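J.: What follows is a structure written as structure tokens; I'll ask about it next.
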Amino acid sequence: MLEGLPVSAPVLVVQDVCKEYRLPRESLWKPSPRIQALDHVSLTVQAGSSMGIVGESGSGKSTLARLVMALERPTSGKIFLDGQDLSALSAAELRSVRAKIQMVFQDPYGSLDPRRTILQTVAEPLAILHGVGRSEQRLRATQVLEAVGLRAGDLEKYPHEFSGGQRQRIAIARALITRPRLIVADEPVSALDVSVQAQVLNLMQDLQDQFGVTYLFISHDLSVIDLVCDQVVVLQAGCIVEQGEPDTLFSNPQHPYTKRLLAAVPGAHASSPIPMSLGLAQNASLDSPSP
Amino acid sequence: MSEVLLEVKDLRVNLPTARGWAPVLRGVSFAMRRGDTLGLIGESGCGKSMTALALMGLLPEGAQVTGSIRLAGQELTTLDEAALCQWRGRRMGMVFQEPMTALNPLHPIGRQIAEGLRLHRHMDARAARAEALRLLERVQLPQAAKRLDAYPHQLSGGQRQRVVIAMALACGPDLLIADEPTTALDVTIQREVLDLIDELVAADGMGLLLISHDLGVMSERVRHMLVMYAGDVVEGGPTHEVFARLSHPYTRGLFAARPRIGLPRGTRLTTIPGRVPDPMEPRPGCSFVQRCDVAMAHCGQEPPSLFSVSAGHDCRCWRACP
Numbered sequence: 001m002l003e004g005l006p007v008s009a010p011v012l013v014v015q016d017v018c019k020e021y022r023l024p025r026e027s028l029w030k031p032s033p034r035i036q037a038l039d040h041v042s043l044t045v046q047a048g049s050s051m052g053i054v055g056e057s058g059s060g061k062s063t064l065a066r067l068v069m070a071l072e073r074p075t076s077g078k079i080f081l082d083g084q085d086l087s088a089l090s091a092a093e094l095r096s097v098r099a100k101i102q103m104v105f106q107d108p109y110g111s112l113d114p115r116r117t118i119l120q121t122v123a124e125p126l127a128i129l130h131g132v133g134r135s136e137q138r139l140r141a142t143q144v145l146e147a148v149g150l151r152a153g154d155l156e157k158y159p160h161e162f163s164g165g166q167r168q169r170i171a172i173a174r175a176l177i178t179r180p181r182l183i184v185a186d187e188p189v190s191a192l193d194v195s196v197q198a199q200v201l202n203l204m205q206d207l208q209d210q211f212g213v214t215y216l217f218i219s220h221d222l223s224v225i226d227l228v229c230d231q232v233v234v235l236q237a238g239c240i241v242e243q244g245e246p247d248t249l250f251s252n253p254q255h256p257y258t259k260r261l262l263a264a265v266p267g268a269h270a271s272s273p274i275p276m277s278l279g280l281a282q283n284a285s286l287d288s289p290s291p
Numbered sequence: 292m293s294e295v296l297l298e299v300k301d302l303r304v305n306l307p308t309a310r311g312w313a314p315v316l317r318g319v320s321f322a323m324r325r326g327d328t329l330g331l332i333g334e335s336g337c338g339k340s341m342t343a344l345a346l347m348g349l350l351p352e353g354a355q356v357t358g359s360i361r362l363a364g365q366e367l368t369t370l371d372e373a374a375l376c377q378w379r380g381r382r383m384g385m386v387f388q389e390p391m392t393a394l395n396p397l398h399p400i401g402r403q404i405a406e407g408l409r410l411h412r413h414m415d416a417r418a419a420r421a422e423a424l425r426l427l428e429r430v431q432l433p434q435a436a437k438r439l440d441a442y443p444h445q446l447s448g449g450q451r452q453r454v455v456i457a458m459a460l461a462c463g464p465d466l467l468i469a470d471e472p473t474t475a476l477d478v479t480i481q482r483e484v485l486d487l488i489d490e491l492v493a494a495d496g497m498g499l500l501l502i503s504h505d506l507g508v509m510s511e512r513v514r515h516m517l518v519m520y521a522g523d524v525v526e527g528g529p530t531h532e533v534f535a536r537l538s539h540p541y542t543r544g545l546f547a548a549r550p551r552i553g554l555p556r557g558t559r560l561t562t563i564p565g566r567v568p569d570p571m572e573p574r575p576g577c578s579f580v581q582r583c584d585v586a587m588a589h590c591g592q593e594p595p596s597l598f599s600v601s602a603g604h605d606c607r608c609w610r611a612c613p
């Protein structure tokens, strides 16, 4: 069914979605209080592009991710993946659709099972989703590991043998193995060090160029979103308060909340004492001859 | 110019591992005066937190410590645990990264703040509770009086961090150590908490040792900074000088790897190749040599010392050798 779609068809359409959660009852005689986690949220993500979601904790970012992953159903509204309405699918149909959406989590220490080898972890989605044979699993696991810059020899190792950045690569390999249309990345680099973060961000962009993956990229770091996303939506208390291209949105924010988020980014602006260009920062003494 | 508050000289820490002693700090030296703000920056495993733990006397069991840590003239490395308890919490306060794990989930926050007051300032329960309330008001916890008996899970992340700061300040310490105090918080809350720390430090004239991996935070919050790599201080000086010159290749690497608003979509960031060396590996030369883009033959043979780049600004790199 993918073949019939034009290349530029949206991979993900979120249409007027609301999600309400019930809180525990405070009194036997009163209805339990409700919280509106998402309030009439709509967005469209084109194939091969990246959509950034920014907002503070409690703004509904992760709720949106859970709905898109079809882990929960919206209270109202619809979510379409490749034109298929996720909420209209039966459990069995959903299982096959899940191959098209994968997730990368924030914490590379918590998201890999310490007792399973990298092969078991990375190939697990294949085994569950398609019933692919062992040798095929191994082959595809090798391919994705190589795509994320690890080696086939790493297949038999355990997570504790890898650094944080390598673990996040493994998590990305696991997400890639089903050849998904959409990868939901929930704060994929916020637990990583600057230089490792740069490696993972570069990798995610390379993979997008190579495989045409679409990202739904959740982050509180506006500079990361600015770098990797084509579109960005700003969520506040479950509502989209502003959306657009990051370059225009961040250089000329309209909503006070976006302005507040931007103002809070430490040293990210041209006015900050950090020099913007490395060329200016070359130390004169570096050019002097070596001892 | 006020007296020296903290002086760390050639601090070396070895940790026991299954493969022998792992040197995690390899001769760290710095000094702070009262009212100074000093930042420690570097990646995980470079020794930032180990430095903080060594200062607080909270290193893992069996750690070997050599060198000297003098706080207000008192040598701390030779103190026994009982004597150190008199200093820790009273003269030095620490704010940890993760406020949920730094607080005890089973005790109300008022009681947790009062604990230090009763121990160090010998207050009775009533006085300690009153003081805890004053501290909570000082860290601007909303509805402080109501929150004295609240448990940590009833507060948000930013509020919990305010409680941790109140605990660190309880006994009026001379030195406040903040180890990644805002990493677990949202950007807007992060700014509020850092502003609060700035205000409190300025009001009390404490010394602030701020540990962060965020160059942006450093640029805005501290007057001096040290860049650490693999247990060594590789660059140190006034923050604006360090940022203006970026003398050490590692500092430059950290800077180049950082995404910044305004970079065009799809820009690939410059990364530092390789990874932090294993502390057990023998290192005849510079610890950064394997990842350095300007390394020379000499760099792998002899470890560089700290060379002066300008007044008060030093760099541990053969390229900076005059």
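Order-wise, the sequence lines are chains U and V. Those letters in the first sequence? Residues 1 to 291, by our numbering. Those letters in the second sequence? Residues 292 to 613, by our numbering. Glycine residues also receive a C-beta, built at the ideal position from the N, C-alpha and C atoms. What you are looking at is a predicted structure, and each value in this text was computed from that prediction instead of being measured.
From the beta carbon of L261 (chain U), is the nearest beta carbon of chain V less than 8 Å away?
T.: Along the first sequence, read from residue 1 onward, the residue named residue 261 (chain U) stands at position 261. Yes, L261 (chain U) counts as interfacial toward chain V.
J.: Measuring straight from C-alpha to C-alpha, what distance separates A99 (chain U) and V213 (chain U)?
T.: The count along the first sequence starts at 1 and reaches residue 99 (chain U) at position 99. The count along the first sequence starts at 1 and reaches residue 213 (chain U) at position 213. Rounded to the nearest angstrom, the two C-alpha atoms are 13 Å apart.
J.: Within 8 Å (strictly less), CB to CB, does S111 (chain U) reach chain V?
T.: As a first step, residue 111 (chain U) must be located in the first sequence, where it is residue number 111. Not closer than 8 Å to any Cβ of chain V, the Cβ of S111 (chain U) fails to qualify, so no.
J.: Tell me whether the beta-carbon of R324 (chain V) lies closer than 8 Å to the beta-carbon of M347 (chain V).
T.: By 1-based counting over the second sequence, the position of residue 324 (chain V) is 33. By 1-based counting over the second sequence, the position of residue 347 (chain V) is 56. Cβ atoms of R324 (chain V) and M347 (chain V): not closer than 8 Å.
J.: Would you check if there are 3 or more beta carbon pairs closer than 8 Å linking the stretch 169-189 of chain U to the stretch 537-546 of chain V?
T.: Judged by Cβ distances under 8 Å, the stretch 169-189 of chain U makes no contact with the stretch 537-546 of chain V, as fewer than three pairs qualify.
J.: Is there contact here, the stretch 336-345 of chain V with the stretch 313-322 of chain V, by at least three beta-carbon pairs under 8 Å?
T.: yes
J.: Which residues in the same chain as D252 (chain V) place their Cβ atom closer than 8 Å to its Cβ, once the five residues preceding and following it in sequence are excluded?
T.: Beyond the ends of chain V as shown, which are 292 and 613, falls residue 252 (chain V); an answer cannot be given.
J.: Taking L466 (chain V) as the query, report the chain U residues whose CB atoms sit under 7 Å from its CB, ordered along the chain.
T.: Your numbering for residue 466 (chain V) matches position 175 in the second sequence. Per Cβ cutoff of 7 Å: no residues; L466 (chain V) is ~23 Å from chain U at best.
J.: In chain V, what lies closer than 7 Å to Q205 (chain U) by C-beta?
T.: To locate residue 205 (chain U), count along the first sequence from 1; it is residue 205. G557, R559, listed in chain order.
J.: Taking 8 Å as the CB-CB cut-off, is E511 (chain V) touching chain U?
T.: Residue 511 (chain V) sits at position 220 when you count from the first residue of the second sequence. It does; some Cβ of chain U falls within 8 Å.
J.: Applying the 10 Å Cβ sphere with the 16-neighbour rule, what's the burial state of D186 (chain U)?
T.: Taking the first sequence and counting its residues from 1, one reaches residue 186 (chain U) at position 186. Answer is buried; the Cβ neighbour count reaches 16.
J.: If distances are taken between C-alpha atoms only, which option among V:Y442, V:P472, V:H604 comes closest to P396 (chain V)?
T.: Numbered from 1 along the second sequence, position 105 holds the residue referred to as residue 396 (chain V). If we check each option's Cα against that of P396 (chain V), V:Y442 comes out closest.
J.: Please tell me whether L424 (chain V) and L439 (chain V) are closer than 8 Å, where the distance is taken between their beta carbons.
T.: In the second sequence, the residue the question calls residue 424 (chain V) occupies position 133. In the second sequence, the residue the question calls residue 439 (chain V) occupies position 148. Inclusion of L424 (chain V) and L439 (chain V) in the CB contact set at 8 Å is warranted, their separation being smaller than that value.
J.: To test your reading of the DSSP string, which unbroken alpha helix (DSSP H) runs of 4 or more residues are found completely within the stretch 345-409 of chain V?
T.: Along the length of the stretch 345-409 of chain V, whole alpha helix (DSSP H) runs at least 4 residues long occupy 372-378, 390-393, reported in chain order.
J.: Between which two residues does the beta strand (DSSP E) containing D605 (chain V) stretch?
T.: Here the question's residue 605 (chain V) lines up with position 314 in the second sequence. First-last of the beta strand (DSSP E) with D605 (chain V): 604-606.
J.: Where A270 (chain U) and I552 (chain V) are concerned, what is the direct C-alpha to C-alpha distance, given to the nearest angstrom?
T.: To locate residue 270 (chain U), count along the first sequence from 1; it is residue 270. To locate residue 552 (chain V), count along the second sequence from 1; it is residue 261. Reliability of the predicted coordinates at A270 (chain U) is poor, the pLDDT of 43 falling under 50, and the value obtained from them is presented with this limitation in mind. About 9 Å.
J.: Any residues in the stretch 207-232 of chain U with a beta carbon nearer than 8 Å to a beta carbon of chain V? Which ones, in chain order?
T.: In summary, the residues of the stretch 207-232 of chain U whose CB is separated from some CB of chain V by less than 8 Å are H220, D221, L222, S223, V224, D226, L227, V228, C229, D230, in the order they occur in the chain.
J.: Report yes if the CB atom of V45 (chain U) is closer than 8 Å to the CB atom of V11 (chain U), and no otherwise.
T.: Taking the first sequence and counting its residues from 1, the one referred to as residue 45 (chain U) is at position 45. Taking the first sequence and counting its residues from 1, the one referred to as residue 11 (chain U) is at position 11. Taking 8 Å as the Cβ cut-off, V45 (chain U) and V11 (chain U) qualify as a contacting pair.
J.: Which value, in whole angstroms, describes the spacing of the CA atoms of G496 (chain V) and D465 (chain V)?
T.: For the purposes of this step, residue 496 (chain V) is taken as the residue at position 205 of the second sequence. For the purposes of this step, residue 465 (chain V) is taken as the residue at position 174 of the second sequence. Near 8 Å, if we compare the C-alpha coordinates of D465 (chain V) and G496 (chain V).
J.: Spell out whether any CB of chain V is found under 8 Å from the CB atom of P188 (chain U).
T.: Here residue 188 (chain U) corresponds to residue number 188 of the first sequence, with the count starting at 1. Output row for P188 (chain U): interface = no.
J.: Under 8 Å by Cβ, that's how I've got L297 (chain V) and L362 (chain V) pegged, so tell me the actual separation to the nearest angstrom.
T.: Mapped onto the second sequence, residue 297 (chain V) falls at position 6. Mapped onto the second sequence, residue 362 (chain V) falls at position 71. The Cβ separation is near 5 Å, so the contact holds.
J.: Just checking my contact of L155 (chain U) with A141 (chain U) at CB under 8 Å: how many whole Å lie between their CB atoms?
T.: By one-based count along the first sequence, residue 155 (chain U) stands at place 155. By one-based count along the first sequence, residue 141 (chain U) stands at place 141. Rounded, the Cβ-Cβ distance is 6 Å, consistent with contact.
J.: Against V478 (chain V), what residues of chain U qualify as contacts under a CB-to-CB distance less than 7 Å, listed in chain order?
T.: Here residue 478 (chain V) refers to the residue found at position 187 of the second sequence. Those within 7 Å of V478 (chain V) in chain U are H220, L261, A264, V265.
J.: Considering only the alpha carbon of each residue, which of U:A152, U:V224, U:S219 lies closest to G60 (chain U)?
T.: As a working note, residue 60 (chain U) is residue 60 in the first sequence. Taking only the C-alpha atoms, the option nearest G60 (chain U) is U:S219.
J.: Quick one: grab the DSSP three-state call for T479 (chain V).
T.: For this step, residue 479 (chain V) is matched to residue 188 along the second sequence. Note: T479 (chain V) maps to helix in three-state DSSP.
J.: Using CA coordinates, which residue listed in U:M69, U:S87, U:G83 is at the minimum distance from S76 (chain U)?
T.: Position 76 of the first sequence, counting from 1, holds the residue named residue 76 (chain U). Of the candidates U:M69, U:S87, U:G83, the residue whose Cα lies closest to the Cα of S76 (chain U) is U:S87.
J.: If you compare alpha carbons, which of V:T308, V:V585, V:S503 is closest to E352 (chain V)?
T.: Within the second sequence, numbered from 1, the residue matching residue 352 (chain V) stands at position 61. Across the set V:T308, V:V585, V:S503, the C-alpha of V:T308 shows the shortest separation from the C-alpha of E352 (chain V).
J.: Since G492 (chain V) sits in a beta bridge, which residues does DSSP pair it with?
T.: The residue you call residue 492 (chain V) lines up with position 201 of the second sequence. This sequence places Val at residue 492 (chain V); Gly is not what is there. Note: V492 (chain V) sits in no beta bridge, so no partner.
J.: Are the C-beta of L501 (chain V) and some C-beta of chain U separated by less than 8 Å?
T.: Locating residue 501 (chain V) in the second sequence gives position 210, counting from the first residue. Not an interface residue.
J.: Leaving out the 5 sequence neighbours to the left and right, which residues in its chain are closer than 6 Å to R543 (chain V) when beta-carbon positions are compared?
T.: Position 252 of the second sequence, counted from the start, is the residue given in the question as residue 543 (chain V). Excluding residues within five positions, the ones whose Cβ falls inside 6 Å are L537.
J.: Could you check if L349 (chain V) is buried or exposed, using at least 16 other CB atoms within 10 Å of its CB as the buried criterion?
T.: Mapped onto the second sequence, residue 349 (chain V) falls at position 58. Exposed.
J.: Please state whether the Cβ-Cβ distance between L23 (chain U) and S32 (chain U) is less than 8 Å.
T.: In the first sequence, residue 23 (chain U) corresponds to position 23, counting from 1. In the first sequence, residue 32 (chain U) corresponds to position 32, counting from 1. Between L23 (chain U) and S32 (chain U), the C-beta spacing is below 8 Å.
J.: Could you tell me whether the Cβ atoms of G528 (chain V) and H604 (chain V) are closer together than 8 Å?
T.: For the purposes of this step, residue 528 (chain V) is taken as the residue at position 237 of the second sequence. For the purposes of this step, residue 604 (chain V) is taken as the residue at position 313 of the second sequence. Going by C-beta atoms, G528 (chain V) is nearer than 8 Å to H604 (chain V).
J.: Name the DSSP beta bridge partners of W312 (chain V), please?
T.: Position 21 of the second sequence, counting from 1, holds the residue named residue 312 (chain V). V:P307.
J.: Quick check: what's the CA-CA separation for P74 (chain U) versus K30 (chain U)?
T.: Position 74 of the first sequence, counted from the start, is the residue given in the question as residue 74 (chain U). Position 30 of the first sequence, counted from the start, is the residue given in the question as residue 30 (chain U). Whole-angstrom Cα-Cα distance: 24 Å.
J.: Report the three-state DSSP secondary structure of E245 (chain U) (helix, strand or coil).
T.: The residue labelled residue 245 (chain U) in the question sits at position 245 within the first sequence. In this structure, E245 (chain U) counts as coil in the three-state DSSP scheme.
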